[in-house]
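Each residue of the sequence shown is one higher than the one before, starting from 23 at the first, in our numbering.
C-beta atoms are modelled at their ideal positions from N, C-alpha and C, and glycine is treated no differently.
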Amino acid sequence: MRIPAAILAKCRPHQPNGLTLTMLLTIVTFTISSNSFTQSRYDWRTNIDQVIHETDSLSLKSQRTFYLNKILRKDEPLKETWYYTTHNNNIIVFEVRYRIDSLEYTETYYMNRGRLICMELYETDFLSYYEDEIKHGEVFFFDHDMLIQYVTVGNGLADLSFRDPQYEPLRRFYKRYIELQKNILSLATN
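Right, here's the structure in full:
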């Protein structure tokens with residue numbers, strides 16, 4: 023009994039034909055490109071994590087603090103606590119903490135070479151039983167003012183939530199950054 027098979031007469035068994043060679047090259051190209059894509063995603067996150075780790079280490083040694091008193095609504099006072107760290111005369115991280123009613127808000131901005139790379143916004147219960155109890159939080163990762171990744175934790179929408187995560191966090195950052203620079207200058211002249 024004979025089994026029908028499509029065998030090319032011109033092709034030797036150890037040499038791939040054109041279609042097989044094309045498929046093989048396609049698979050190899052796809053594998054290399056997917057590995058490089060995965061590697062590039064890994065690289066940006068690794069770089070940001072490394073900068074944040076180094077920044078946090080420096081903050082433990084040389085963090086500075088000041089307070090701003092503001093009016094929130096209907097003559098309700100709001101006290102903001104600002105923390106910032108500089109390295110080589112550049113601001114590398116700053117944090118703003120304030121409390122409204124029974125909620126504490128924390129905004130943390132990590133910078134590298136004068137640009138925002140990570141922004142963290144958290145809403146927690148003030149004086150909660152558990153120190154790390156987060157009601158709502160958002161973390162933004164940036165590269166050259168472009169949002170790379172946006173992560174939310176907790177439930178529900180909070181006052182800190184953004185409708186447009188690409189641009190509104192950058193607007194908040196620049197507003198806070200300008201406010202920080204003005205206050206650093208006024209503290210230096212006093």
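Test item: CB-CB of residue i and residue j under 7 Å
i, j, result
"Tyr-106", "Phe-116", "yes"
"Leu-237", "Phe-195", "This structure leaves residue 237 out entirely; the chain is present only between 23 and 212."
"Lys-157", "Gly-136", "no"
"Thr-146", "Glu-160", "no"
"Tyr-172", "Phe-162", "yes"
Which of helix, strand or coil DSSP assigns to residue i
i, result
"Gln-85", "coil"
"Ala-31", "Because Ala-31 sits at a pLDDT of 48, beneath the cut-off of 50, its placement in the model cannot be relied upon, and the point is left open."
"Asp-71", "helix"
"Lys-92", "strand"
"Arg-137", "strand"
"Glu-76", "helix"
One or two residues paired with residue i in a DSSP bridge
i, result
"Asp-165", "Met-168"
"Asp-147", "Leu-125"
"Thr-174", "Glu-160"
"Asn-112", "His-109"
Cβ neighbours of residue i in the same chain (closer than 8 Å, five flanking residues each side left out)
i, result
"Arg-95", "none"
Residue range of the beta strand (DSSP E) that includes residue i
i, result
"Pro-187", "Note, Pro-187: premise wrong, no beta strand (DSSP E); not H, not E."
"Glu-102", "99-109"
Close-in-space but distant-in-sequence residues of the same chain around residue i (CB under 6 Å, 5 per side omitted)
i, result
"Thr-103", "Tyr-89 and Arg-119"
Other residues of its chain near residue i: CB distance less than 7 Å, five sequence neighbours each side excluded
i, result
"Asn-112", "Gly-136"
"Phe-148", "Arg-121, Ser-124, Leu-125 and Glu-126"
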